[in-house]
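Under UniProt numbering, the first residue of the sequence shown is numbered 1, with each subsequent residue one higher. Each remark here refers to the structure printed beneath this line.
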Amino acid sequence: MPVITVDKKDLETLSGMDSQIIIDNVSMIGAEVERLEDEFVDIEFFPNRPDLYSVEGVSRAMKAFLGKKPGLLKYDVGTPQITISVSDEVLKVRPVLGCAVVRGLSFTSSSIKSLMDLQEDLHWALGRNRKKVSIGVHDMSQIVPPFTYSVESPAYSFVPLDHTEKMSMADILKSHAKGVKFAHLVCDMDKYPIIKDSNGNVLSFPPIINGTLTSVTEKTKDLFIDVTGTGKEVYTALNIVAAALAERGGKIEAITVVSPNGEKKNYPDMEPKPYIITLEEIESHLGFKMKPEEVIQCLEKMGHNATVLSKSPASFEIMVAAYRADIMHKYDIIEDVAIGYGYANIPSELPQNYTMGKAHSTSLIRQSSSDIMVGLQFNQVMPFTLTSPQVHFENMRRPVTNDVTYVLHPISEDQTMVRTTLLPGLLEILSMNQHRELPQSIFEVGEAVVGGKNKQKIAAASIHHAANFTEISEIVDAYLREMRVNYELKESEDPAFLKGRVADVYVGGKKIGVFGELHPGVITSFELGYAVIGFEADLTDLF
1 MPVITVDKKD LETLSGMDSQ IIIDNVSMIG AEVERLEDEF VDIEFFPNRP DLYSVEGVSR
61 AMKAFLGKKP GLLKYDVGTP QITISVSDEV LKVRPVLGCA VVRGLSFTSS SIKSLMDLQE
121 DLHWALGRNR KKVSIGVHDM SQIVPPFTYS VESPAYSFVP LDHTEKMSMA DILKSHAKGV
181 KFAHLVCDMD KYPIIKDSNG NVLSFPPIIN GTLTSVTEKT KDLFIDVTGT GKEVYTALNI
241 VAAALAERGG KIEAITVVSP NGEKKNYPDM EPKPYIITLE EIESHLGFKM KPEEVIQCLE
301 KMGHNATVLS KSPASFEIMV AAYRADIMHK YDIIEDVAIG YGYANIPSEL PQNYTMGKAH
361 STSLIRQSSS DIMVGLQFNQ VMPFTLTSPQ VHFENMRRPV TNDVTYVLHP ISEDQTMVRT
421 TLLPGLLEIL SMNQHRELPQ SIFEVGEAVV GGKNKQKIAA ASIHHAANFT EISEIVDAYL
481 REMRVNYELK ESEDPAFLKG RVADVYVGGK KIGVFGELHP GVITSFELGY AVIGFEADLT
541 DLF
């Protein structure tokens, strides 16, 4: 989960409140204070609230929660004065674009860092490491609108951020630090996306790097924001960044995006989204009675506007801010009612009956497995159970099987199926933690669904420069020995692993698992730069 570093003085300036009061209460909205120092505080937030990934977002949320400024904050969006034209070719490589201008800003080194940190956290939370969303911010003093969003050949050159000499786009991908890190996002393209002004100056080569011409400094007053990607998350990210800058006194101005067919749309769209919910629905899910005015007060503490639509039966219209990515249906609103009410204030009742319970045998096996893996110096993780065929099969070099359970109406292209194995999820986590020190050794004991049936499985993965077959063989042997399981090994043909450095595990003549060195193609697919070893076993078949 993202951890943001908050400057206490900056927080007090934005909120008008004592920072200690905010720190003492921030856990109530879904956060945890990781580290507290004299001038800074590190706060960890849940992934479902990317609008809180900045000091501006924390200030806004806590002003509402603590009653200083409850209800929905409305951000005025000025009439568009600038257009950006989208070419037909760029729709084939990175089709979604959202833009905005924010004027009248006054930057300090602290506020610039906050903006850059917000960008990177959104790249992680919404953008899948820039694959689905990438954000660029530009000083407008050096560029002349209108702008264009088009493509250029790999030979096209400009001066990238933090450089003084021109580089071709191909060279940027080979030798610039950001280019090398994110080259895989454009490696299959014949031409690369690019944003330029009317004089041909390069603003951005998304999702790789900005041009150095538009670097943001403490002298910057007006910003142009571009967000490119592949889905609707682009607009959510744009709204979050624009709202954060508006919290610092910036004036948001729309930009007209002109599509290849001449269609025009203005962004950002900061209009709140309406929801209708009844008091009965709220009470039935929370389990206690509430007055309509209590519901309204709770929702206003969470930054929403709520009005009574009818008194009998009681129902409400709730207006949700455009930057709230976590509100997808009415159950999320009910959760906000509970948070606003305070979980500690929810009335408790002693049960009328009681029973004697004991741990299920499956729970005991899971706990024993976890204890053993922790003893082997692995850290436990809990990835999502929903995934996609690309991650689950294509990235693993495995064929698509017919025992998969698919989601009927997925809300994201990344969560279209229920996993049948655990190892891909571990590799995703390793991919997201490349900025952390090596070695990294993680495991999961969890459920997968195979042929419509739940299976208990265990998987582990380790990444470091010297990871090899001998190491993972010893780990598997130690785990099975501690679980008191007699096993035998046979040659494996699993394409996810390196041939000759992989083995299948058999117990009682039945295959229950596989382990070995991951294939270089798998390592590349997950953007990992070091050797990776892993194993997976089916606990349902094992016990």
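Here a beta-carbon is modelled for each residue, glycine too, at the ideal position from N, C-alpha and C.
Among the options, whose alpha-carbon lies nearest the alpha-carbon of residue i?
i           : options            : result
residue 248 : 508, 324, 525, 14  : 14
residue 121 : 84, 140, 307, 55   : 55
residue 496 : 288, 283, 514      : 514
residue 58  : 92, 17, 86         : 17
residue 456 : 416, 33, 541       : 541
residue 190 : 215, 213, 156      : 156
residue 78  : 220, 253, 186, 143 : 253
residue 345 : 374, 213, 298, 34  : 298
residue 136 : 234, 74, 484, 371  : 234
residue 96  : 326, 230, 493, 269 : 230
residue 359 : 184, 367, 260      : 367
residue 305 : 484, 296, 313      : 296
residue 311 : 279, 176, 294      : 279
residue 510 : 485, 463, 498      : 485
residue 341 : 292, 256, 365      : 292
residue 303 : 40, 61, 37, 22     : 61
residue 83  : 20, 39, 148        : 148
residue 453 : 500, 487, 404, 489 : 404
residue 138 : 154, 89, 241, 179  : 241
residue 499 : 468, 477, 177      : 468
residue 143 : 365, 223, 351      : 223
residue 206 : 90, 269, 289, 406  : 90
residue 21  : 4, 42, 63          : 63
residue 145 : 434, 177, 203, 361 : 203
residue 461 : 256, 524, 385, 381 : 381
Report back the beta-carbon spacing between residue i and residue j to the nearest angstrom; my notes put them in contact at under 8 Å.
i           : j           : result
residue 225 : residue 102 : 7 Å
residue 424 : residue 387 : 6 Å
residue 238 : residue 127 : Not confirmed; about 12 Å, so no contact.
residue 221 : residue 375 : Contact doesn't hold; Cβ gap of about 57 Å is too wide.
residue 597 : residue 421 : With the chain covering 1 to 543 only, the question about residue 597 has no answer from this structure.
residue 438 : residue 526 : Going by Cβ atoms, the distance from residue 438 to residue 526 rounds to 15 Å, so no, they are not a contact pair.
residue 290 : residue 283 : 6 Å
By a C-beta neighbour count over all protein chains shown, 10 Å radius and 16 as the cutoff for buried, is residue i buried or exposed?
i           : result
residue 10  : buried
residue 271 : exposed
residue 285 : exposed
residue 329 : exposed
residue 227 : buried
residue 217 : exposed
residue 470 : exposed
residue 276 : exposed
residue 244 : buried
residue 392 : buried
residue 75  : buried
residue 336 : buried
residue 545 : Any question about residue 545 goes unanswered here, given that the chain covers just 1 to 543.
residue 160 : buried
residue 369 : buried
residue 7   : buried
residue 130 : buried
residue 446 : buried
residue 493 : exposed
residue 115 : buried
residue 502 : buried
residue 182 : buried
residue 519 : buried
residue 176 : buried
residue 39  : exposed
- Please go through the region 353 to 438 and give each complete alpha helix (DSSP H) segment of 4 or more residues, from N-terminal end onward. The region 353 to 438 contains, as complete alpha helix (DSSP H) runs of 4+ residues, the segments 361 to 375, 423 to 432 (chain order).
> Is there contact here, the region 531 to 539 with the region 387 to 404, by at least three beta-carbon pairs under 8 Å?
Replying inline: When C-beta atoms of the region 531 to 539 are compared with those of the region 387 to 404, fewer than three pairs fall below 8 Å, so the two segments do not count as touching.
message: Restricting to runs no shorter than 3 residues, where is the beta strand (DSSP E) found entirely within the region 150 to 204?
response: List check, beta strand (DSSP E) in window: 192 to 196.
Whole runs of the beta strand (DSSP E) within the region 495 to 520, excluding any shorter than 3 residues
The qualifying runs are 497 to 507, 510 to 518.
| What residue ranges within the UniProt domain "B5" (270 to 348) form continuous beta strand (DSSP E) runs of no fewer than 3 residues, ordered along the chain? | If only complete runs of 3 or more residues are kept, the UniProt domain "B5" (270 to 348) shows the beta strand (DSSP E) at 273 to 278, 305 to 311, 314 to 320, in order along the chain.
- Message: Extract the residue ranges of the beta strand (DSSP E) inside the region 9 to 37, only unbroken runs of 3 or more that lie entirely within it.
- Response: Counting only runs of 3 or more, we get 31 to 36.
Review point. Using 8 Å as the Cβ pair cut-off and three pairs as the minimum, do the region 65 to 73 and the region 191 to 199 touch?
Key: By the criterion of at least three beta-carbon pairs nearer than 8 Å, the region 65 to 73 is not in contact with the region 191 to 199.
Between the region 247 to 266 and the region 316 to 330, do three or more beta carbon pairs fall short of 8 Å?
-> Contact between the region 247 to 266 and the region 316 to 330 is absent: fewer than 3 CB-CB pairs across the two stretches fall below 8 Å.
At least 3 beta-carbon pairs within less than 8 Å: the region 163 to 174 vs the region 107 to 126:
With a cut-off of 8 Å, the region 107 to 126 and the region 163 to 174 do not count as touching, because too few Cβ pairs lie within range.
*asked:* Would the region 27 to 36 count as touching the region 45 to 52 if we require 3 or more Cβ pairs under 8 Å?
replied: They touch, by the three-pair rule.
* Looking at C-beta atoms only, is the number of pairs between the region 463 to 482 and the region 512 to 526 that lie closer than 8 Å three or more? -> Contact between the region 463 to 482 and the region 512 to 526 is present, because at least three Cβ pairs lie under 8 Å.
Unbroken stretches of the alpha helix (DSSP H), 4 residues or longer, contained in the region 466 to 496: Qualifying alpha helix (DSSP H) stretches, in chain order: 469 to 482.
List, from N- to C-terminal side, the beta strand (DSSP E) runs of 3 residues or more that fit wholly inside the region 216 to 269. Within the region 216 to 269, the beta strand (DSSP E) runs of at least 3 residues that lie entirely inside it are, in chain order, 223 to 229, 251 to 258, 264 to 267.
So, does the region 198 to 213 touch the region 104 to 113, judging by three or more C-beta pairs under 8 Å?
Touching, no, given that fewer than three Cβ pairs across the two stretches are closer than 8 Å.
(message) Restricting to runs no shorter than 4 residues, where is the alpha helix (DSSP H) found entirely within the region 53 to 111?
(response) Counting whole runs of 4 or more residues, the region 53 to 111 contains the alpha helix (DSSP H) stretches 55 to 65.
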